[in-house]
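S.K.:
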Amino acid sequence: MSTPVRSPRSGSRIAIAGAGAAGLACALALARAGHAVTLIDAAAPGRGALWASAGMLAPGFETLFELDPGHPLADDFAALCARGGALWAAREAALAPGHARPGGLGPRRNDTDEARAGAALAGAARFDVAVERLSAHTLHAAEPALGVARGGLRFPTDGQIDNRALGEVWLQAFRAAGGEVIAHAPVRAVETHQGRASARALSDGRRVDADLIVLAAGTGVIDGAPALAQAAPVQGQMIAWGPPAPVALTHVVRHVSLYLAAKPDGRGIAGATSEPGQAGLETDADALAELSERAGRLVPALAGLRPDEAWAGLRPRARDGMPVIGEAAPGLILAGGGYRNGVLLAPVIADAIETLVRTGSTPAWARAFTPDRAGLRGG
Ligand SMILES: Cc1cc2nc3c(=O)[nH]c(=O)nc-3n(C[C@H](O)[C@H](O)[C@H](O)COP(=O)(O)OP(=O)(O)OC[C@H]3O[C@@H](n4cnc5c(N)ncnc54)[C@H](O)[C@@H]3O)c2cc1C
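Converting from the sequence shown to the working numbering requires adding 518 to each position, the first position being numbered 1.
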């Protein structure tokens with residue numbers, strides 16, 4: 519079955535379930551395009567995975583180190599990430615708090631790192647990712663706080679954002695564009711009737727009628743949503759020092775699954791664990807201690823320093839690990855599956871959904887992520 523192409527709609531009433539990275543970005547794009555948008559969140563807007571994330575915008579590292587090159591959507595995903603990085607860089611500063619693109623650095627410390635770096639460099643041409651090989655001298659000149667390394671890789675397209683400030687900034691811009699916000703009201707269920715959708719049974723008993731519903735609830739569960747809309751939680755735990763950060767890092771530093779960054783709000787952060795199936799937000803002392811220890815091995819000045827903050831968040835992972843962008847049923851649009859890169863991808867997901875609503879179909883570059891794809895089906 520292929521998704522039927524809808525007729526274009528302008529000036530639609532649109533309800534969005536979930537005010538996280540994807541929901542806020544879609545709400546802003548759709549309100550600015552002239553639609554009457556109601557954004558509904560179960561809790562406080564922007565306080566889900568967007569808030570918990572590291573706020574890295576890392577198309578280079580994520581494509582070359584985290585993407586399975588054998589995945590059927592690997593090339594589409596690499597292109598989507600590159601588009602995301604470029605969109606962030608082009609965005610007005612007012613909508614991208616703390617945005618910086620100093621590049622990502624990946625130190626090479628041992629033979630395993632050398633082998634991984636070799637594989638990454640081999641993938642760079644296929645995925646059209648810019649990457650530079652650095653000597654030990656150049657690496658330490660760029661980031662003097664790093665411990666001993668044989669050299670490193672630099673990803674010039676990678677950067678970061680102040681993800682904790684972002685939610686509030688986008689929310690204010692959305693309100694200024696005429697959008698309505700309903701907070702602390704979980705959408706319990708959605709319904710569609712003859713191409714019309716409605717969000718019903720909000721926790722306060724309200725019902726929101728709309729021409730279209732965008733489901734952007736991360737790992738949230740909503741009755742009436744298609745099963746393929748349900749993303750599984752992959753918990754991530756993180757730690758932070760400061761403010762002020764004990765070490766002034768210029769770049770986002772990546773080593774295997776560990777990353778370190780100095781955030782614009784003055785904290786130094788380290789993350790993250792990756793725990794599929796963990797749906798809670800509790801942190802675990804052993805996992806945090808291991809993060810801390812690994813951070814100290816990478817940046818010796820952090821060794822033995824007690825973190826000032828620890829938290830956990832839930833990455834929404836679709837069945838095939840890829841974003842889900844498009845219409846799943848008449849009037850029901852999905853904007854989810856951001857998984858490891860939902861902050862990086864939020865503006866491109868919003869662009870694709872705005873185009874879908876305006877023209878009746880998603881842009882060519884987003885079509886591989888249709889809810890109709892084979893990777894989302896199966897028992
Ligand atoms: C530790 C960690 C580090 C990360 N680091 C990065 C990174 O560096 N870069 C990057 O790009 N990505 C990163 N991510 C991933 C990124 O945070 C997510 O992919 C992204 O936030 C997903 O956006 P979302 O809008 O789908 O979900 P969220 O941002 O979680 O938003 C979902 C919203 O839906 C609401 N909701 C849930 N159920 C309902 C309901 N029934 N009704 C109404 N509202 C509901 C929630 O309250 C929440 O506000 C990280 C994630 C974690 C956990």
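Glycine is no exception: its CB is placed at the ideal position from the N, C-alpha and C atoms. Source: prediction; values computed, not measured.
Please name the residue in D594, L623, G844, V699 whose C-alpha comes closest to that of D646.
M.R.: D594
S.K.: Using the beta-carbon count (16 or more within 10 Å), is T630 buried or exposed?
M.R.: exposed
S.K.: Between the stretch 688-707 and the stretch 791-807, do three or more beta carbon pairs fall short of 8 Å?
M.R.: no
S.K.: Examine ligand 1 and report whether any of its heavy atoms sits within less than 7 Å of the Cβ of A618.
M.R.: no
S.K.: Using DSSP with H/G/I as helix, E/B as strand and the rest coil, what is G831?
M.R.: strand
S.K.: So is H773 buried or exposed if we call it buried at 16+ other beta carbons inside 10 Å?
M.R.: buried
S.K.: Buried or exposed for H711, please, with buried defined as at least 16 other CB atoms from any protein chain shown within 10 angstroms of its CB.
M.R.: exposed
S.K.: Apply the 10 Å Cβ neighbour rule to S653 and answer buried if 16 or more other Cβ atoms are within range, or exposed otherwise.
M.R.: Counting the other Cβ atoms within 10 Å of the Cβ of S653 gives fewer than 16, which makes it exposed.
S.K.: Does the Cβ-Cβ distance between L464 and Q755 come in under 8 Å?
M.R.: Outside the shown range of the chain (519 to 897) lies residue 464, about which nothing can therefore be said.
S.K.: For A637 and A864, what's the separation of their Cα atoms in angstroms?
M.R.: 28 Å
S.K.: Please report the residue range of the beta strand (DSSP E) in which E580 lies.
M.R.: Looking at the DSSP string, E580 is not in any beta strand (DSSP E), and its letter there is neither H nor E.
S.K.: Are L778 and L816 close, meaning C-beta to C-beta below 8 Å?
M.R.: yes
S.K.: Less than 8 Å separating the beta-carbons of A648 and P674?
M.R.: Their beta carbons are under 8 Å apart, which means A648 touches P674 by this criterion.
S.K.: Between V699 and the rest of its own chain, which residues show a CB-CB distance below 6 Å, the 5 nearest in sequence each way excluded?
M.R.: L557
S.K.: How far does the beta strand (DSSP E) with P751 in it extend, from its first residue to its last?
M.R.: 750-759
S.K.: Can you find the residues in the same chain that come closer than 7 Å, C-beta to C-beta, to P761, ignoring five residues on each side of it along the sequence?
M.R.: Cβ within range, chain order: D783, G784, R785.
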